[in-house]
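Residue numbers (the numbering used here): 56 to 248.
From the three backbone atoms N, C-alpha and C, an ideal C-beta is built for every residue, glycine too.
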């Protein structure tokens, strides 16, 4: 998907078609999680240079453009985490690790506190479409599985667009107090049915 940032949309569509690929399969079914670390060219400019990194050839503006394109290529993945430059680099890496731990169900201590609470908000009026970031619409079906253990909730999720689907199995374990640990993994269509 990253390659889409380096070519026009039309060229990317030709690459997909020539190889018999579809974006849902490439984007959603290959990775359980996508983590994007924002380039230093966006928010940490003093640390961005091309002198000591032979792999880095883009100036600040080009790096920002490609970084934005890379993020947009992954829009629609069910679990994408973007790590910005609001902290120093070591803390940025710790934030990335905390995201990975959360996604695979490892309790990372007080840096991560997953709970089973969900919040809903009533919006009086919808803002203009131009105020929203880039997004894609998907169909989602949740099938909850029965369990003999009341502290374990298990469900299957079918998510897709344009008749192409990705599948996931989630197990949520209730630990002491309000904490819950979720383990999510991609599954195949065959496993789903």
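Identify which residue in 214, 239 and 125 has its Cα closest to the Cα of residue 156.
239
Can you say whether residue 84 is buried or exposed, counting buried as having 16 or more other CB atoms within 10 angstroms of its CB?
buried
Can you give me the start and stop residues for the beta strand (DSSP E) that residue 175 sits inside?
Careful: residue 175 lies outside any beta strand (DSSP E) and carries neither H nor E.
Sort 87, 70 and 56 by Cα distance to residue 242 and report the nearest one.
87
Would residue 237 pass as a contact of residue 216 if the rule is Cβ separation under 9 Å?
no
In the DSSP assignment, what residue or residues form a beta bridge with residue 111?
Bridge partners of residue 111: none, in fact.
Taking residue 221 as part of the beta strand (DSSP E), name the residues at either end of that continuous run.
219 to 229
Which two residues bound the contiguous beta strand (DSSP E) that contains residue 211?
207 to 216
In the DSSP assignment, find the unbroken alpha helix (DSSP H) run with residue 145 in it and report its ends.
144 to 159
What distance in whole Å lies between the Cβ atoms of residue 221 and residue 214, which are believed to be in contact at a cut-off of 8 Å?
5 Å
Give the DSSP-derived three-state secondary structure of residue 134 in the structure shown.
coil
Do residue 197 and residue 255 come within 9 Å of each other at the CB atom, strictly closer than that value?
Outside the shown range of the chain (56 to 248) lies residue 255, about which nothing can therefore be said.
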